[in-house]
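Student: Residue numbers (our numbering): 4 to 93. The structure follows.
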């Protein structure tokens with residue numbers, strides 16, 4: 004879904020949807036006006052926004068949450084490798 008969002012909205016927003024994408028854009032040099040300082044600000048805002056969203060969701064459901072982690076039959080190492088590969092394919 005992230006790749007679809009990047010292809011659909013990347014020209015409009017710069018595709019800075021999460022810190023991993025922002026870091027990949029910075030490292031690739033695809034955006035010359037993205038300086039390390041600006042990337043750090045973007046990543047900080049993305050993390051704060053994610054935390055605010057998590058707190059909002061938790062408050063809506065009275066503190067109930069769901070288990071975070073790989074599904075049955077998958078391990079953290081496989082998930083980490085997949086995330087790394089797919090992020091840098093963008």
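Glycine included, C-beta positions come from ideal geometry on N, C-alpha and C. As the structure is a computational prediction, the values presented were derived from the model and not from experiment.
1. Measure the C-alpha to C-alpha separation of residue 69 and residue 18 and round it to an integer number of angstroms.
2. Using the three-state DSSP reduction, which class does residue 60 fall into: helix, strand or coil?
3. Using 7 Å as the cut-off, classify the Cβ of residue 46 as near or not near the heavy atoms of the ligand MG, replying yes or no.
4. Give a yes or no on contact between the region 76-91 and the region 19-30, applying the rule of three or more CB pairs nearer than 8 Å.
5. Within the continuous alpha helix (DSSP H) that includes residue 36, where are the two ends?
6. Would you give the residue range spanned by the alpha helix (DSSP H) that residue 22 belongs to?
7. Rank 15, 20, 82, 7 by C-alpha distance to the C-alpha of residue 52 and give the top, closest one.
8. Under 6 Å Cβ to Cβ from residue 12, same chain only, skipping five residues before and after it: list those, please.
Tutor: Reading from the atomic positions:
1. 28 Å
2. helix
3. Absence of the ligand MG from the depicted structure is noted, as is the absence of any ligand whatsoever, leaving it without description.
4. yes
5. Counting along the chain, residue 36 falls outside any alpha helix (DSSP H), and DSSP gives it neither H nor E.
6. 22-31
7. 20
8. none
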